[in-house]
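Just so we're on the same page, this note's numbering is the position in the sequence shown counted from 1, plus 83.
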Amino acid sequence: MPKPERHVLVCLNARPPGNPKGSCADKGAEALYDALRDRVKARGLGQRVIVNRTSCLKHCSQGVTIAVQPDNVWYAKVTEADLDEICEKHLEQGEPVARLSMPDIPWE
Ligand code: FES
84 MPKPERHVLV
94 CLNARPPGNP
104 KGSCADKGAE
114 ALYDALRDRV
124 KARGLGQRVI
134 VNRTSCLKHC
144 SQGVTIAVQP
154 DNVWYAKVTE
164 ADLDEICEKH
174 LEQGEPVARL
184 SMPDIPWE
């Protein structure tokens, strides 16, 4: 397999119930991760894009947090409804989805 063009990191970090920081797991990250992997495969992007689960990406209030490398594009509050657009525009055409851009905030 060649090196992937893009590496998508999906935060699946979980925290105990009641933790004030919350977590991406609380916001459905596991299902989102599975759905993104399914879409990447269905679109025939499996040789170009690798999708991995990761721990906290330090933008917990903005979860589910996704980072796409080497583009250094970060997405905030991603839901399953956003995945087709991310796949089509960014992962296929190389154009980041501006409306999902992570706000310029400090690490959390
Ligand atoms: S828990 Fe997902 S960014 Fe921190």
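The beta carbon of each residue, even a glycine, is placed where N, CA and C say it ideally should be.
Item                                                                                                      : Value
For V91 and R153, the rounded distance between their alpha carbons                                        : The identity of residue 153 in the sequence shown is Pro, whereas the question assumes Arg. Distance between the alpha carbons of P153 and V91: 9 Å.
Given G101 as reference, the closest of D109, L95 and C94 once Cα atoms are compared                      : D109
Beta strand (DSSP E) segment containing L115, residue limits                                              : Careful: L115 lies outside any beta strand (DSSP E), inside the alpha helix (DSSP H) at A112 to A125.
Segment contact, 8 Å Cβ cut-off, at least three pairs: the stretch 124 to 143 with the stretch 166 to 178 : yes
Under the three-state DSSP convention, the category Q152 falls into                                       : strand
Any non-hydrogen atom of the ligand FES closer than 8 Å to C170 Cβ                                        : no
heavy atom of the ligand FES below 8 Å from N155 C-beta                                                   : no
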